[in-house]
Structures are given as structure tokens and as C-alpha cells.
Amino acid sequence: MKTINTLILLTALGGSACATTITQTKTKAAYLAGNPEVLTFSKFDSSLGQLTGITVGFSFVKSGGSLAVDNDGTLGGSVLFRHDLESYLTSSTVNIGSSSVYNTALARSTASFTVGANDGDNTDTFDIGTSDHHVYNAVTKTTTFATENISSNFWGDYIGTGNYDIHFETIQSYSASGIGGLQTLGLAASVTPTVTVTYDYTPTAIPELASWMMICLGLGGALFIRRRSV
């Protein structure tokens with residue numbers, strides 16, 4: 003029975019080694035959105051085993067940023083403020099697919115406020131000190147983690163020694179709508195990106211484990227023969 007239990011344990015260990023993952027997670031401290039950030043990842047070492055899948059994913063946090071309006075129109079009213087930060091991934095060294103990773107992830111902050119009619123300031127002057135203006139401070143937003151399964155046609159880009167770069171790109175936009183005559187002035191938000199690359203692979207066979215299983219099989223056979231001979 004002890005031999006049988008040992009065989010079951012070794013078989014379970016061998017089965018658990020058949021599917022293994024390596025996940026690399028890179029993040030950047032908050033910085034003003036607008037310029038691409040470069041994140042560096044290690045290639046997959048083929049000596050570890052047979053690659054079976056690659057997944058690239060990312061998310062980000064948008065914080066800060068603001069939008070100010072100055073109403074130069076003759077009517078006041080409700081104004082919808084919108085402050086957006088979009089991001090996506092690019093790379094010149096590996097192919098990261100053409101689906102969700104290339105599609106833009108969006109963090110949007112919106113709010114409505116009442117703005118008074120023009121109080122007499124010149125239309126070519128951005129005046130935020132009176133009742134015909136408002137400043138909206140955008141709220142913090144976190145995007146949902148988006149992933150892309152990389153086609154096996156491109157796995158060769160990821161295999162070998164050394165590193166490759168993935169660029170985290172951002173696009174910032176804002177708007178104010180609801181009444182005519184609005185001038186706008188936006189301030190950039192900060193962004194904190196997180197990007198992951200996961201390798202799924204089947205490990206190279208472990209000789210020591212195979213040898214132990216053969217030994218246990220031999221012991222089991224010997225015990226079986228011995229028991230039959232009693």
C-alpha cells in the first residue's frame with residue numbers, strides 16, 4: 003500500500019508539472035499622460051520546455067486632471083464636463099496582436115455643473131474668476147484589465163534570450179457641452195500603467211522524476227511477485 007501511495011503521489015507531481023506559467027508584471031509610477039512609457043520584458047527561454055500560449059494584458063489608473071470653462075455666451079445653463087484618458091499598447095520588436103490590446107482602453111470622468119452667462123469679460127480672454135466659469139477636477143478612474151491571446155504565428159518573436167520592449171501609449175481629451183460660447187482649458191491627468199506578459203508552457207521532462215517512477219514500479223512489481231509466492 004505504501005508503494006501504491008508513493009506511485010500516486012509521484013504521478014500527481016508529474017501531472018502538475020505538465021502545465022506551467024511564467025508571468026511578468028511591469029508597472030510605472032504615476033506620471034503625466036502624453037508621452038509613451040517603455041516597459042521591458044524577458045523573452046521565453048525555450049530550454050524550459052515547449053511554449054503553448056502567450057497572453058499580454060494591461061490596465062491603468064487615471065488620477066488628477068481638470069477642465070475649466072469660461073462662458074462667453076449670453077445664456078447660462080447646465081454644462082456637461084468630460085475628461086478622458088485613453089491608452090493602448092504598441093511594440094516594434096514583438097507582435098502583440100490586433101484585437102483587445104490594440105483597442106483603446108478608456109478611463110472617463112464626467113460631471114454636470116451650472117455656469118452663468120457671460121459677465122462682461124472679453125471673448126478673447128479666458129477669465130475664471132467670476133460666475134460665468136467653472137473648474138471640474140476629474141475623479142480617479144481604474145480601467146478593467148484587458149488581455150490578448152497572442153497568435154502562435156508570432157510566438158517566435160518572444161522566444162530566445164534577451165529582452166523586448168512594449169510601449170504604453172496615452173491619448174488625453176476633454177470637452178464641455180450644453181450651451182454655446184464656451185471656452186475650455188484642460189490640465190493633464192496622471193497615469194499609472196500595469197502591463198503583464200504570461201507564458202504558458204509544458205516543461206522539459208525531469209529525468210529524476212521519471213527514474214523514481216521506474217524504481218517505484220519495479221518495487222511494486224517485486225512486492226507483487228513476492229506476495230504471490232507466499
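Quick note: the sequence shown uses the numbering used here, first residue 3, plus one each step. Where is the CB? At the ideal position from N, CA and C, for every residue including glycine.
Among the options, which has the Cα closest to the Cα of residue i?
i	options	result
Ala190	Gly183, Val81, Asp202, Ser175	Ser175
Asp152	Thr198, Gly78, Ser80	First, the residue type needs correcting, since residue 152 is Ile and not Asp in the sequence shown. Checking every option, the nearest Cα to that of Ile152 belongs to Thr198.
His233	Phe115, Thr146, Thr23, Thr54	Residue numbering for the chain in the displayed model covers 3 to 232; residue 233 lies beyond these limits and cannot be assessed.
Val58	Ser179, Gly131, Gln185, Val96	Val96
Lys28	Ser192, Phe170, Val71	Phe170
Asp74	Thr112, Phe46, Thr132, Ser49	Thr132
Thr76	Val117, Ser154, Ile24	Val117
Val193	Thr23, Ile24, Lys64	Lys64
Gly1	Glu39, Ser48, Val40, Val137	Missing from the structure shown is residue 1; the chain here goes from 3 to 232 and no further.
Gln185	Asp123, Leu50, Ser49	Asp123
Ile181	Ala148, Leu82, Thr125	Leu82
Just how far apart, CA to CA, sit residue i and residue j?
i	j	result
Thr142	Asp86	11 Å
Leu187	Ala31	26 Å
Gln52	Tyr203	5 Å
Ile56	Asn37	27 Å
Thr200	Gln26	6 Å
Ser61	Asp121	43 Å
Phe128	Leu34	24 Å
Ile98	Thr145	19 Å
Val71	Ala113	13 Å
Which same chain residues, not among the five before or five after residue i, have their C-beta less than 6 Å away from its C-beta?
i	result
Leu108	Glu88
Ala21	none
Arg110	Asp86
Tell me, please, which residues DSSP counts as bridged to residue i.
i	result
Tyr176	His85
Ile168	Leu41
Asn73	Leu184
Asp202	Thr23, Gly55
Ile161	Phe46
Asn151	Thr57
Thr196	Thr29, Ser61
Val141	DSSP lists no partner for Val141.
Ser114	Leu82
Ser68	Asn139, Leu189
Thr92	His169
Return the chain-ordered list of same chain residues with a C-beta closer than 7 Å to the C-beta of residue i, the five sequence neighbours on each side being excluded.
i	result
Asn139	Ser68
Ala207	none
Thr54	Asp202, Tyr203, Thr204
Gly162	Lys45
Enumerate in chain order the residues of its own chain whose CB-to-CB distance from residue i is below 8 Å, with the five nearest sequence positions on each side excluded.
i	result
Tyr166	Thr42, Phe43, Lys45, Ser93, Thr95, Val96, Asp159, Tyr160
Where in the segment 13–51 do unbroken runs of the beta strand (DSSP E), each at least 3 residues long, occur, reported from the N-terminal end onward? 22–29, 39–44
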